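Q:
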Amino acid sequence: MLHAYAQAFALVFDPYVLTVILCSALFGLFVGCIPGLTATMATALLVPITFFMPPVPAVAAIVTATAMAIFSGDIPGALLRIPGTPASAAYTDEAYAMTKKGQAEVALGAGLVFSAIGGLFGTAVMMTSAPALAEIALKFSDYEYFWMVVLGLAGAVFIGNASVLKASMSLLLGLLVACIGLDNPAGYPRFDLGITELKGGVSLIPMMVGMFAVSEILRFVVHMDPPLKLATEKIGNVFKGMWGLLVKYPWPLVRGSALGTVIGIQPGSGADMAAWMSYAMAKKFSKEPEKFGTGHVEGIVEAGAANNSALAGAWIPALVFGIPGDSITAIAIGVLYLKGLNPGPTLFINNPQNIYAIFLVFVLANIIMLPLGWLTIKAAKNVLRLPRNILMPAILLFCIVGSFAINNTVFGVLLTLVFGLLAFVLEENGFPVAPAILGVVLGQMMEENFIKSMIKSDGDVTAFVTRPIAGFLAVSTFIILFWPIGAWLWRRYFSRRNMPVAE
Amino acid sequence: MKFNDAVLGAIFLALSIAVLVTIQGFPKIPGQSVGPSAFPGLIAVLLAGCSIALIWRGWRERASQPLVAIGAWLSSPPHVRNFLVVVGGLVFYVLAADTLGFLPCGAIILCALFLTLRVRPLLAVALALIVPVVIHLIFYKLLRVPLPWGVLPVMW
Chain A
140 MLHAYAQAFA LVFDPYVLTV ILCSALFGLF VGCIPGLTAT MATALLVPIT
190 FFMPPVPAVA AIVTATAMAI FSGDIPGALL RIPGTPASAA YTDEAYAMTK
240 KGQAEVALGA GLVFSAIGGL FGTAVMMTSA PALAEIALKF SDYEYFWMVV
290 LGLAGAVFIG NASVLKASMS LLLGLLVACI GLDNPAGYPR FDLGITELKG
340 GVSLIPMMVG MFAVSEILRF VVHMDPPLKL ATEKIGNVFK GMWGLLVKYP
390 WPLVRGSALG TVIGIQPGSG ADMAAWMSYA MAKKFSKEPE KFGTGHVEGI
440 VEAGAANNSA LAGAWIPALV FGIPGDSITA IAIGVLYLKG LNPGPTLFIN
490 NPQNIYAIFL VFVLANIIML PLGWLTIKAA KNVLRLPRNI LMPAILLFCI
540 VGSFAINNTV FGVLLTLVFG LLAFVLEENG FPVAPAILGV VLGQMMEENF
590 IKSMIKSDGD VTAFVTRPIA GFLAVSTFII LFWPIGAWLW RRYFSRRNMP
640 VAE
Chain B
284 MKFNDAVLGA IFLALSIAVL VTIQGFPKIP GQSVGPSAFP GLIAVLLAGC
334 SIALIWRGWR ERASQPLVAI GAWLSSPPHV RNFLVVVGGL VFYVLAADTL
384 GFLPCGAIIL CALFLTLRVR PLLAVALALI VPVVIHLIFY KLLRVPLPWG
434 VLPVMW
């Protein structure tokens, strides 16, 4: 293991990789800071470039850019009352209220320092638990993998604030998209509509660029909000008083980091969910809950740590099982496959140095977040003044090139357009997009394990639950699946009995 | 543009029926109970079930939710134009990139989009000429993506 870590050090502390990390850090900070450009979009835009890199820098670019973007989303939240990324939305009002009180530097400083600590916490959990989980995962057969995928997908549907029905449909749509092409156990070309390019399946990168970047551009050009206005011009020393906050709020910090990591691990719920839940938790456990919403830093400490730790947490199932924890890791898994680093327990045995390199990148990214984040806050005034009507068209051109670059055909651009429009219409109608992307990424794996299991058991469905781990996973899946229905029936029964308190 | 859930459900139902019809033509694998049609068939059946539930939900709410609600931006001509320019730009690229080349196409798309988003005309034209060159240099020189030259001679 020490040997592998030494190798990992050599992989990461290479001038080329360090340059990639620095550039993607600045890119992530910039993208996160601009409202309307999300961390997921940053990943989608990076993927076409990482396509041309060796595996370690490719993954390093994604890890660094997303960690930075999640922090940097706090900046416009505090200064404009618009979250830069959805992960900052939970405490945007709080941060803005602090800015109004003249405490912009405390709000931003807390965001920065506690983001870094939360990120490091999540990374520590990942470094200790992922190899151990991989040991267990080695014992898995097709049945267990089938249930793991189903469990992951069930999580994606049920944990989130969108309608469960619509989330399920979005997921099923993604699974159907994954069926397109020759890549199925039978090797039979399905649903290719007679288009040669579709025989190989829908290319993941053009699809993601469409769903996460083009759809955002469409949303920008039709949005009718008034122009942005900075709440303050003056930001003091952001590190001042941070030690005091650390001493005053150790529990919110630990609680936020721990909850964030757990939510990150749970497939389908990412940094934004973690921030919402820990903000609510901070308020519940606070000694001064009445101060929440009036510009009180406690919630920012807890939720700021949570969203960054969620990011690291999401990588645990992604690396160990190949099951993404959120839409960012869904994209990252696509990249790992493209690079021949197929995620799964064998990766920990055959290429441990690559896994450890990813861990080191996480540590490094969360450390350099402090100086680079400080610089970004200094430059925030100017970054936020960048006209978005110039930025967005340039990004569109970038999307075109990115989707072309994978197979060098304009068909990629067409896919980007189709999926951009699809994501735009779906979101306008309340269908979340993240389950669809999970469906596309996991569809092939799910089908393979389903078919293999069916063939092995000769069509006998009970084989899916008779192995002990498979049985346990099946029960967990059914609990998640039927929990909302059970809860709904319970509430209904309860409200019938107590008519007066019913809504 | 917001549709009533019943309309959306009907669209999804049509899709799942189309899938179910298509897989009837898929070959069976001799000696095995599951073939290429098993998995998409399972998904389509589930999707059809969800669609019917969505149609039912939309039908119940038909009084409060019209079949199609035109969103705020759809009744504002400038925003509709913005939308069409983005979509049109991508379509234009797909159709014209191989003959015209990346640089002219990029410049035309950017110029159109800048102008419709009300960037000052002089700045718009200047940027529309510079930005494609920068992107081209990054992808063509650095990453060696064979972006089409089209009508222009190979310059670098």
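These protein sequence lines map, in sequence, to chains A and B.
To convert a position in the first sequence, counted from 1, into the working numbering, add 139.
To convert a position in the second sequence, counted from 1, into the working numbering, add 283.
Built from N, CA and C at the ideal position, the CB exists for glycine as well.
From a predicted model like this one, the values you see are computed outputs, not experimental measurements.
Would you say A145 of chain A faces chain B, with C-beta separation under 7 Å as the test?
A: Taking Cβ atoms only, chain B never reaches closer than 7 Å to A145 of chain A, which makes this a no.
Q: Can you tell me whether DSSP reads R329 of chain A as helix, strand or coil?
A: In this structure, R329 of chain A counts as strand in the three-state DSSP scheme.
Q: So the alpha helix (DSSP H) Q492 of chain A belongs to, where does it begin and stop?
A: P491 to R524 is the span of the alpha helix (DSSP H), which, as asked, contains Q492 of chain A.
Q: Helix, strand or coil: how does DSSP classify V328 of chain B here?
A: Helix at V328 of chain B.
Q: Would you call the region 216-227 of chain A and the region 168-186 of chain A touching, i.e. three or more CB-CB distances under 8 Å?
A: Verdict: yes, contact present.
Q: In chain A, which residues lie less than 8 Å from A369 of chain B when you measure between Cβ atoms?
A: According to the sequence as given, residue 369 of chain B is Val; it is not Ala. Correct list: V353, I356, L357, V360 and L535.
Q: Going by beta-carbon coordinates alone, are I199 of chain A and V159 of chain A separated by less than 7 Å?
A: For the record, residue 199 of chain A in the displayed sequence is Ala; it is not Ile. Taking 7 Å as the Cβ cut-off, A199 of chain A and V159 of chain A qualify as a contacting pair.
Q: Any C-beta of chain A sitting closer than 7 Å to the C-beta of S347 of chain B?
A: For S347 of chain B, the answer is no, since every Cβ of chain A falls outside 7 Å of its Cβ.
Q: Pick helix, strand or coil for G212 of chain A, following the three-state DSSP scheme.
A: The answer is coil: DSSP assigns G212 of chain A none of H, G, I, E or B.
Q: Taking buried to mean at least 16 other C-beta atoms within 10 Å of its own C-beta, is F286 of chain B buried or exposed?
A: Classification of F286 of chain B: buried, given that the 10 Å Cβ count is 16 or more.
Q: Using the rule of at least 16 other Cβ atoms within 10 Å of the residue's Cβ for burial, across every protein chain shown, is I506 of chain A buried or exposed?
A: The residue in question, I506 of chain A, is exposed, as its Cβ has fewer than 16 Cβ neighbours within 10 Å.
Q: Determine the burial state of G292 of chain B: buried for a count of at least 16 other Cβ atoms within 10 Å of its Cβ, exposed for fewer.
A: Buried, because 16 or more other Cβ atoms sit within 10 Å of the Cβ of G292 of chain B.
Q: Which parts of the region 350-408 of chain A are runs of the alpha helix (DSSP H), unbroken and 4 residues or longer, counting only runs that do not cross its ends?
A: Counting only runs of 4 or more, we get 354-361, 381-387 and 389-404.
Q: Apply the 10 Å Cβ neighbour rule to E665 of chain A and answer buried if 16 or more other Cβ atoms are within range, or exposed otherwise.
A: There is simply no residue 665 of chain A to check, as chain A begins at 140 and stops at 642 in what is shown.
Q: Grouping DSSP H, G and I as helix and E and B as strand, with all else coil, what is G320 of chain A?
A: G320 of chain A: strand per DSSP, three-state reduction.
Q: Following the continuous alpha helix (DSSP H) through W454 of chain A, name the residue where it begins and the one where it ends.
A: W454 of chain A -> alpha helix (DSSP H) spans E437 to F460.
Q: Would A246 of chain A and A217 of chain A be called neighbours here (beta carbons separated by less than 7 Å)?
A: A contact, by the Cβ cut-off of 7 Å.
Q: With a Cβ-Cβ cutoff of 7 Å, do S441 of chain A and A410 of chain A count as a contact?
A: As written in the sequence, residue 441 of chain A is Glu, which differs from the Ser given in the question. Taking 7 Å as the Cβ cut-off, E441 of chain A and A410 of chain A do not qualify as a contacting pair.
Q: Please classify V348 of chain A as buried or exposed, where buried requires at least 16 other C-beta atoms within 10 Å of its C-beta.
A: V348 of chain A should be labelled buried.
Q: Using beta carbons (cut-off 7 Å, strictly below), is W356 of chain B in contact with chain A?
A: Cβ-Cβ to chain A under 7 Å: yes for W356 of chain B.
Q: At a cut-off of 6 Å, is P491 of chain A close to the ligand ZN when judged by its beta-carbon and the heavy atoms of the ligand?
A: Judged by which ligands are present, the structure shown has none, so any question about the ligand ZN falls away.
Q: I need the boundaries of the alpha helix (DSSP H) containing L165 of chain A, first residue and last residue.
A: From DSSP, the alpha helix (DSSP H) with L165 of chain A extends over P154 to C172.
Q: Please report whether the beta-carbon of L398 of chain A lies at a distance below 7 Å from any beta-carbon of chain B.
A: So no, L398 of chain A is outside the interface.
Q: Just to confirm, is the Cβ distance from V579 of chain A to V316 of chain A under 7 Å?
A: Yes; because the gap between Cβ atoms is below 7 Å, this pair is in contact.
Q: From the DSSP secondary-structure annotation, give me the bridge partner or partners of A352 of chain B.
A: B:K285.
Q: Under the rule that 16 or more other beta-carbon atoms within 10 Å means buried, what is A289 of chain B, buried or exposed?
A: Result: buried.
Q: Measure the beta-carbon distance from G258 of chain A to L450 of chain A and round it to whole angstroms, keeping in mind my assumption that it falls under 8 Å.
A: With 8 Å as the limit, G258 of chain A and L450 of chain A qualify as a contact, their Cβ atoms being about 7 Å apart.
Q: Within the 7 Å Cβ cut-off, does G241 of chain A reach chain B?
A: Closer than 7 Å: no.
Q: Considering Cα atoms alone, identify which of A:F279, A:I594, A:F570 and A:F611 is closest to M308 of chain A.
A: When only C-alpha atoms are compared, the closest one is A:F570.
Q: Could you pull out every residue in the same chain whose Cβ sits closer than 6 Å to the Cβ of Y155 of chain A, ignoring the five residues on either side in sequence?
A: Hits under 6 Å: none found.
Q: Leaving out five residues on either side along the sequence, give the residues of the same chain with a beta carbon under 7 Å from the beta carbon of V428 of chain B.
A: Result list for V428 of chain B: F422, in chain order.
Q: So is N287 of chain B in contact with chain A if we call contact Cβ pairs under 7 Å?
A: With 7 Å as the cut-off, N287 of chain B does not count as an interface residue toward chain A.
Q: In the DSSP assignment, the alpha helix (DSSP H) including G479 of chain A goes from what residue to what residue?
A: Taken as a continuous stretch (DSSP letters only), G479 of chain A belongs to no alpha helix (DSSP H), as it is neither H nor E.
Q: In whole angstroms, give me the CA-to-CA distance for S358 of chain B and F366 of chain B.
A: Near 12 Å, if we compare the C-alpha coordinates of F366 of chain B and S358 of chain B.
Q: Could you say if the region 589-601 of chain A and the region 278-290 of chain A meet the contact criterion of at least three C-beta pairs nearer than 8 Å?
A: The region 589-601 of chain A, when compared against the region 278-290 of chain A, does touch it at the 8 Å Cβ threshold.
Q: On the criterion of 16 or more Cβ atoms from any shown chain inside 10 Å, does S254 of chain A qualify as buried, or is it exposed?
A: So S254 of chain A counts as buried.
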